[in-house]
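Quick notes on the structure that follows.
Residue numbers (this note's numbering): 68 to 288.
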């Protein structure tokens, strides 16, 4: 064994090998990630207010004490879902792709196309998780509203920055206002998702997306 002939002691809760403290990674981070993932799925399906902590615990096999060790309340758990899980998803699916090189309109259209492929089946029936929480919680809790607003602002800025780059490169029409246009594009995207959710139909998403793609093409120079 790797520790053969070594002096191993446990000192104040730490492993010490030949007098050198060794950091032993616990399962705490994995437990926290598991709780966040389960909470996200529960909230996405049922909404924050109807989300069941017991269902989250059953799914993860975590005790209630462990949940409250990581998150002081259901509200704090909901905030963490926004701050970490949903924010990371937006970074992976939107913000990072929109920073890639290429014709800005192509970059935007390709990102939207990938999102259309990502939002299949259950995602269509449940809707955009950020928009769902905005509709449910923004009017009743400032903590949710401020976090959602921050994510929407980041999303808008990522689109606006891309359009500005296109104008500077001469590939996007200078007649448009990048900030105003980013609002229109994001509102169209979220509207498409909401209509598809209500219709419970991927065809609704594709139909709406087709119109948005046509508009984006008109921004080329």
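Glycine is no exception: its CB is placed at the ideal position from the N, C-alpha and C atoms. Treat the numbers as computed from the prediction; the structure is a model and nothing was measured.
Item to complete: May I ask you to verify whether the stretch 122 to 142 touches the stretch 221 to 235, counting CB pairs closer than 8 Å and requiring at least 3?
Response: no
Worksheet item: Considering only the beta carbon of each residue, do residue 179 and residue 276 sit closer than 8 Å?
Response: The residue you call residue 179 lines up with position 112 of the chain shown. The residue you call residue 276 lines up with position 209 of the chain shown. Cβ distance < 8 Å, so residue 179 and residue 276 count as in contact.
Fill in: residue 122 and residue 110 closer than 8 Å at C-beta
Along the chain shown, one-based indexing puts residue 122 at 55. Along the chain shown, one-based indexing puts residue 110 at 43. The answer is no: Cβ separation not under 8 Å.
Item to complete: Kindly indicate which three-state DSSP category residue 166 falls into: helix, strand or coil?
Response: By 1-based counting over the chain shown, the position of residue 166 is 99. DSSP places residue 166 in coil when its eight states are reduced to three.
Fill in: Buried versus exposed call for residue 152 [16 or more other C-beta atoms within 10 Å across all chains shown]
The residue you call residue 152 lines up with position 85 of the chain shown. In summary, residue 152 is buried, with 16 or more beta-carbon neighbours lying within 10 Å of its beta-carbon over all protein chains present.
Worksheet item: Roughly how many whole angstroms lie between the Cα atoms of residue 174 and residue 243?
Response: Sequence index remark: in the chain shown, residue 174 carries index 107 (1-based). Sequence index remark: in the chain shown, residue 243 carries index 176 (1-based). About 18 Å.
Discussion item. Strictly by DSSP, which residues pair up with residue 239?
Written reply: Taking the chain shown and counting its residues from 1, one reaches residue 239 at position 172. The partner list for residue 239 (beta bridge, DSSP) reads 287.
Practice prompt. Return helix, strand or coil for residue 270, following the three-state DSSP convention.
Written response: Taking the chain shown and counting its residues from 1, the one referred to as residue 270 is at position 203. DSSP places residue 270 in helix when its eight states are reduced to three.
Fill in: DSSP three-state assignment for residue 205, whether helix, strand or coil
For the purposes of this step, residue 205 is taken as residue 138 along the chain shown, with counting starting at 1. The answer is coil: DSSP assigns residue 205 none of H, G, I, E or B.
Item to complete: Within its chain, find whatever has a CB closer than 7 Å to the CB of residue 198; leave out the 5 residues flanking it on each side and keep chain order.
Response: Here residue 198 refers to the residue found at position 131 of the chain shown. Here the set comprises 257, 260 and 261.
Fill in: Helix, strand or coil at residue 89 according to DSSP, with G and I counted as helix
As a first step, residue 89 must be located in the chain shown, where it is residue number 22. Interpretation of residue 89 is limited by its pLDDT of 40, a score under 50 that renders its predicted location unreliable; the figure taken from the coordinates is listed afterwards. Note: residue 89 maps to strand in three-state DSSP.
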